[in-house]
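Residue numbers (the working numbering), protein chains in the order written: chain A, 326 to 491; chain B, 342 to 1087.
Every residue, glycine too, gets a C-beta built ideally from N, C-alpha and C.
Computed from a predicted structure; not experimentally measured.
Notes follow the structure.
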Ligand code: FES
Ligand code: FES
């Protein structure tokens, strides 16, 4: 077994240190070592997007990132999206719009939507569908997810300036 | 179409935020794979590389010696089952087959068939150890095709599956349903169309892989944490496979990441239990995606021959169907249900349906959303379309004329109660979609109708009134798509309180009465009835409590609109009375069950516009509308969600999903990338029309909505493709290569 590496990274604003084997994915370390199980595993080969997290602001499939690559990175996971007990615009739009059924895909969709709205605050339906096409949902048929992202975009614009926490 | 006399409800029909919403939007909700127990081991499985082979020997000694490995199990570690047939909630199951499917015994029947499992200190060691297990196989010729498997010359997969003369066969079961006089019916017909159809094996495709974490305690009590559609059936299967009493097994439901019928049968709990028994530690076992595709219930591919006769005026007179479904490596496809659905949308006086459950070297099939109905609807609904075209009859008018309605007898016997088949057809006729002409080259519109039974089965619930006027509801139906909300809303409606004042919990098998699976579109119906009964029980007890306070007879107390009302205008709201329970006898706990109620059946009619790229055969969906009878929509958002979700699964089934096998019976597309379920970029917005024809079997008129939306899409799309291209497709999926071939050979 290869020697474990010591990694220092930032997750949801906090400095975090962990030990990992070189072969371990970021997904495995988040879920098993750090108990951040909000990030989900659907395929472990980059096809479903359930494991999406933000790494230095960009959405990545954490199953395709090695944990050692997290050294000095800034990570954001689903656990860091809400501000304390206050759900953010995307989260509340998902709930109000019934954009989840089983909910296993939801963390990945929320992270991907966060990245989209940071890049493009006012996306069209087609832009949303294109940007979210790497995230699979087998339950909803996607309509309510797309609508929730549109609602969240609107909310974010009217609420701009009221940013909290991170 | 809405019903004019629709009763007014306070809670039903509103759209509250689901009770488990915050947990699921913040990543707090614990799904099956999220559990971690003290001292827990991680397990991995060795699976067969061959589709059909005899296992000559298994040598686990090297694996056992790998540092960090704690135990290895094979089929020999599960008790012998003999010839037992056990009723497992969703039908009778041959226990030897179930056991061999969970861990192979002497023979593998499909690639990916489980052979051995290893528990180790971490998953990487467990996976490495699997590679050290040495298995000697005698490879046999695989039987992959359902029709070939039926031939007397075919190799036989299960030697214990025999025909009436005692000869081993792949045809595990046959069905025959008849009605009227078939020959006379066809003799009356002015036009008869007969065609053959093929549909491919497809998978439920839930995003969460199967999982189980099991602890076999020193006292012999076994606890299973898993995501499952049915905790009680998982408990029974696990207990039966280990031949221990069911009460020694407790199944704790974790949140479940999709199921669609595929998470009813157990795969992992008995294996993790065997590993835990050997090690004395909790063992966690999670499938990888390839195993999900290769070794868990896809839904059967099929071969069908269907013949339908009509009179010149469009009157249906006769139908004959021959339906063979792949059962997979062991018997048990839903072909019986498919047979009952074939002609269920129509009033057809003379009919015959023959069905065959056929073993092939593919994973043992399982239910998938309206199991069996989508395949047969593809055949019948495309023939109906062709009949309409040849007779010059509008397909909507044909369905309004011949559609099933109250009093019509199905081929398999039952007579329909009040149903909404024609109402869904009318809703499509009246829809903006149908009223908007479709123009443009290589574009076409199609329509199709689908049926699903919806079942009742058994549910239980209990509800405790809290002093602050809320109610804690315990139920046993695992919540896959918002059923905590739909059950709580019915309880709230009955009690006259707010949906938010109900606190639902889905609890383990020791904490609630027997509840059948979350399947059969039954939860909002049957667990709903259990919750309504629990509410009525509460109301009865509240009247008694009020009577104590007012010093009158309970019979003098009425319950109206969330308040108890006594003599001389005395009144206490639910909340006020809840606060007085501690001084009038303590807790008020309501109990409710549902076991007798059966559903009347659900119908949906879909319209779709497509555009076909004549150079590539690619089909684009331009517009899609679904009209479905929901009886009474409890939470319309989740009803719409079921509609859209089912339609999109149906689109995937229609256009590209299929299992690809090579000549050796090895699946070549066991990843999401290659199997390819629809993404949000592949599908348009689905327009949803909720039709409400209340089901008289439910106090609020609920009909289950989950399954029937998947039934019409392949047929509707095939009919649209015909109108766009002039090509009638008889095979699923209608993928670009298949459609291109059909276009070129036109
Ligand atoms: S688990 Fe990472 S993309 Fe599916
Ligand atoms: S809500 Fe179940 S996979 Fe998206």
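With 16 as the cutoff for other CB atoms within 10 Å, does residue 427 of chain A come out buried or exposed? buried
Please identify the residue among B:412, B:372, B:889, B:991 whose C-alpha is closest to the C-alpha of residue 567 of chain B. B:372
Just confirm the distance between the C-beta atoms of residue 384 of chain B and residue 626 of chain B, as a whole number of angstroms; I'd bet it's less than 8 Å. Between residue 626 of chain B and residue 384 of chain B the Cβ distance is about 4 Å, and since that is below 8 Å, they are a contact.
Boundaries of the beta strand (DSSP E) in which residue 478 of chain B is found, first to last residue: Membership of residue 478 of chain B in the beta strand (DSSP E) is indicated by the continuous run 475-480.
Of all the CB atoms in chain B, is at least one closer than 7 Å to the CB of residue 426 of chain A? Residue-level contact by beta carbon holds for residue 426 of chain A and chain B, with a gap shorter than 7 Å.
Residue 343 of chain B by DSSP, collapsed to three states: which one? The predicted model places residue 343 of chain B with a pLDDT of 44, which falls under 50 and marks its position as unreliable, so this point remains unresolved.
Measure from the C-beta of residue 742 of chain B to each C-beta in chain A and report whether the shortest distance is under 7 Å. no
DSSP-derived helix/strand/coil call for residue 491 of chain A: Because the pLDDT of residue 491 of chain A is 47, which lies under 50, any placement of that residue in the model is unreliable, and the question is left without a value.
With 16 other CB atoms within 10 Å as the buried threshold, where does residue 1001 of chain B fall? exposed
Kindly list, in the order they appear in chain B, the residues whose Cβ is closer than 7 Å to that of residue 403 of chain A. 367, 368
When every heavy atom of ligand 2 is checked, does at least one fall within less than 6 Å of the C-beta of residue 463 of chain A? yes
Closer than 6 Å from C-beta to any heavy atom of ligand 1: which residues, in chain order? A:366, A:367, A:368, A:369, A:371, A:372, A:373, A:374, A:375, A:376, A:386, A:388
Taking the beta strand (DSSP E) that residue 661 of chain B falls in, what are its first and last residues? 657-669
Taking the alpha helix (DSSP H) that residue 362 of chain B falls in, what are its first and last residues? 362-367
Closer than 9 Å, Cβ to any Cβ of chain A: which residues of the segment 447-471 of chain B, in chain order? 463, 464, 465, 466
Within the chosen definition, does the segment 500-511 of chain B reach the segment 626-642 of chain B through at least 3 CB pairs nearer than 8 Å? no
Whose CA, out of A:452, A:327, A:338, A:416, lies closest to the CA of residue 477 of chain A? A:416
So with CB distances below 9 Å, who are the chain B contacts of residue 347 of chain A? By Cβ distance, chain B contributes nothing, its closest Cβ being about 11 Å from residue 347 of chain A, past 9 Å.
Comparing C-alpha positions only, which one of A:327, A:337, A:452 sits nearest to residue 409 of chain A? Minimum Cα distance to residue 409 of chain A is reached at A:337.
Between the segment 1009-1016 of chain B and the segment 389-398 of chain B, can you find at least three pairs of beta-carbon atoms closer than 8 Å? no
Give a single yes or no on whether residue 940 of chain B has its beta carbon closer than 6 Å to a heavy atom of ligand 2. no
Do residue 457 of chain A and ligand 2 come close, with the Cβ less than 6 Å from some heavy atom? no
To the nearest angstrom, how far is the alpha carbon of residue 886 of chain B from that of residue 897 of chain B? 12 Å
Applying the criterion that 16 or more other CB atoms from any shown protein chain within 10 Å of the CB defines a buried residue, is residue 1085 of chain B buried or exposed? exposed
Looking at ligand 2, does it come within less than 6 Å of residue 889 of chain B, judged from the CB to the closest heavy atom? no
Is residue 433 of chain A near ligand 3, going by C-beta to nearest heavy atom under 6 Å? What this structure holds is ligand 1 and ligand 2, not ligand 3.
Local conformation of residue 454 of chain A per DSSP, three classes: helix
Got a sec: which bits of the segment 626-652 of chain B sit with their beta carbon under 7 Å from any beta carbon on chain A, in order along the chain? 629, 630
Have a look at the DSSP bridge pairing and note the partners of residue 518 of chain B. B:694
Taking the alpha-carbon of residue 432 of chain A as reference, which of B:982, B:450, B:364 has the nearest alpha-carbon? B:364
Is the beta carbon of residue 463 of chain A closer than 7 Å to that of residue 548 of chain B? yes
So, with DSSP's three-state summary, where would you put residue 351 of chain A? The answer is helix: DSSP assigns residue 351 of chain A an H, G or I state.
When you compare each of A:481, A:371, A:452 to residue 389 of chain A by their alpha carbons, which one comes out closest? A:371
For residue 705 of chain B, which residues from the same chain have a beta carbon less than 6 Å from its beta carbon, with the 5 sequence-adjacent residues on both sides left out? 442, 669, 670, 671
Residues near residue 727 of chain B in its chain [Cβ-Cβ closer than 7 Å; skip 5 each side]: 534, 1069
I want to check one thing, is the minimum distance from the CB of residue 430 of chain A to the heavy atoms of ligand 2 below 6 Å? Answer for residue 430 of chain A: yes, Cβ within range of ligand 2.
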